[in-house]
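Residue numbers (the working numbering): 9 to 152.
Heads up: the structure comes next, in structure tokens.
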Ligand SMILES: [Zn+2]
Ligand SMILES: [Zn+2]
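Structure below.
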């Protein structure tokens, strides 16, 4: 009931600045594959930063071959010993506005890592703790 709208932001869509800033947590502002350091760095629009080492990232590969599909186990379910090639990233491509597809040293490139999933699996202590607090209770069965 007051006239306190900011006068200096005329073009801002009021919807974007509302209480739910959910979108920003899965919108990357920077993605950097550090091949020498063997890690993938992602900065998010909400200022959070996520760093995956390549080995962790390869284990998260969401493709049907690695994960399996329709109830069939995937290659990663057989707990393979990953070779240096399989955990070296030779390139990474944006997939639309929602995912990245790394190319691995063994030529594997069918895993589309969505930004949602990358943020959800963020291995930093803060996110790990939050997953432990909110996670374990509810959901059985995981995303496939
Ligand atoms: Zn895969
Ligand atoms: Zn995190």
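C-beta atoms are modelled at their ideal positions from N, C-alpha and C, and glycine is treated no differently.
Measuring straight from C-alpha to C-alpha, what distance separates residue i and residue j?
i           : j           : result
residue 126 : residue 49  : 11 Å
residue 32  : residue 77  : 30 Å
residue 100 : residue 122 : 13 Å
residue 61  : residue 68  : 11 Å
For residue i, count neighbouring Cβ atoms within 10 angstroms of its own Cβ and tell me buried if that reaches 16, exposed if not.
i           : result
residue 110 : buried
residue 65  : buried
residue 132 : exposed
residue 119 : buried
residue 92  : exposed
Could you check where the beta strand (DSSP E) with residue i kicks off and where it finishes?
i           : result
residue 112 : 107 to 112
residue 53  : It is not in any beta strand (DSSP E) - residue 53 carries neither H nor E in the DSSP assignment.
Within the continuous alpha helix (DSSP H) that includes residue i, where are the two ends?
i           : result
residue 102 : From DSSP, residue 102 is part of no alpha helix (DSSP H) but of the beta strand (DSSP E) over 97 to 103.
What do you reckon, are the CB atoms on residue i and residue j nearer than 8 Å?
i          : j          : result
residue 70 : residue 52 : no
residue 1  : residue 55 : Look at the range of the chain in this structure, 9 to 152, and you will see that residue 1 is not part of it.
residue 63 : residue 95 : yes
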